[in-house]
Amino acid sequence: MAKQFGIIFACLGIGELLALIPGLNIPGSIWGMLILCLSLERGWVRPHTIAPICRFLISNMAFFFIPPGVALMLYFDLIAAEWLPVTVATLVSILLVFLITGRLHQFLHNRFRRHDRNN
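Numbering (this note's numbering), first residue to last: 4 to 122.
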């Protein structure tokens, strides 16, 4: 289990170091996920190696939302004062995510379907 955590945290640590480079305005956690994805894609890390810890983390994901939820309670007065912009921004961003994800899925599905027909 320590090796599994080590792999995941090594990717996160490298990502955090990349985020320190001036001009790279991407959070370290995103860099870390990209590095882990690349490592899995290239075969540097085998999926079965980290699968148990990934299952554990996913099954306990709700636990990781407690600190942000508690921190959110500190700003109820600010949220109450700005409820309309927060609500509109939330709804618009949800709609955009649905639309972009749906269109991207349609595009990739059609592209791979055409690719399969040609082969």
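Where is the CB? At the ideal position from N, CA and C, for every residue including glycine. Note that the structure is predicted; figures quoted are calculated from it, not measured.
Out of curiosity, what's the CA-to-CA distance linking S62 and I53? Within the sequence shown, residue 62 is the residue found at index 59, counting from 1. Within the sequence shown, residue 53 is the residue found at index 50, counting from 1. Cα-Cα distance, rounded: 14 Å.
Taking only three categories from DSSP, how would you classify F8? If you number the sequence shown from 1, residue 8 lands on position 5. Here F8 sits in helix by DSSP.
In chain order, each alpha helix (DSSP H) run of at least 4 residues that lies wholly inside the region 59-103: 64-67, 69-76, 79-84
For A22, I'd like the list of residues in its chain whose CB is within less than 7 Å of its CB, leaving aside the five on either flank, ordered along the chain. Residue numbering aside, residue 22 sits at position 19 when the sequence shown is read from its first letter. Excluding residues within five positions, the ones whose Cβ falls inside 7 Å are I29, P30, G31, W34.
Of the residues I103, D80, G72, V48, the one placed nearest F8, counting alpha carbons only: Taking the sequence shown and counting its residues from 1, the one referred to as residue 8 is at position 5. The candidate whose alpha carbon is nearest that of F8 is V48.
Check each candidate in L27, L43, E85 and name the one with the smallest Cα separation from C14. Taking the sequence shown and counting its residues from 1, one reaches residue 14 at position 11. With distances taken between Cα atoms, C14 lies closest to L43.
Considering just the uninterrupted stretch of the alpha helix (DSSP H) at G31, what are its terminal residues? Taking the first residue of the sequence shown as 1, we reach residue 31 at position 28. 31-45 is the extent of the alpha helix (DSSP H) around G31.
Beta-carbon separation (whole angstroms), I56 vs M4, contact threshold 8 Å: To locate residue 56, count along the sequence shown from 1; it is residue 53. To locate residue 4, count along the sequence shown from 1; it is residue 1. Right, their Cβ atoms sit about 6 Å apart.
Hey, how far is the Cα of A84 from the Cα of L60? Taking the first residue of the sequence shown as position 1, residue 84 is located at position 81. Taking the first residue of the sequence shown as position 1, residue 60 is located at position 57. Roughly 36 Å separates the two Cα atoms.
Can you check whether the CB of V89 is closer than 8 Å to the CB of I82? In the sequence shown, residue 82 corresponds to position 79, counting from 1. In the sequence shown, residue 89 corresponds to position 86, counting from 1. A contact, by the Cβ cut-off of 8 Å.
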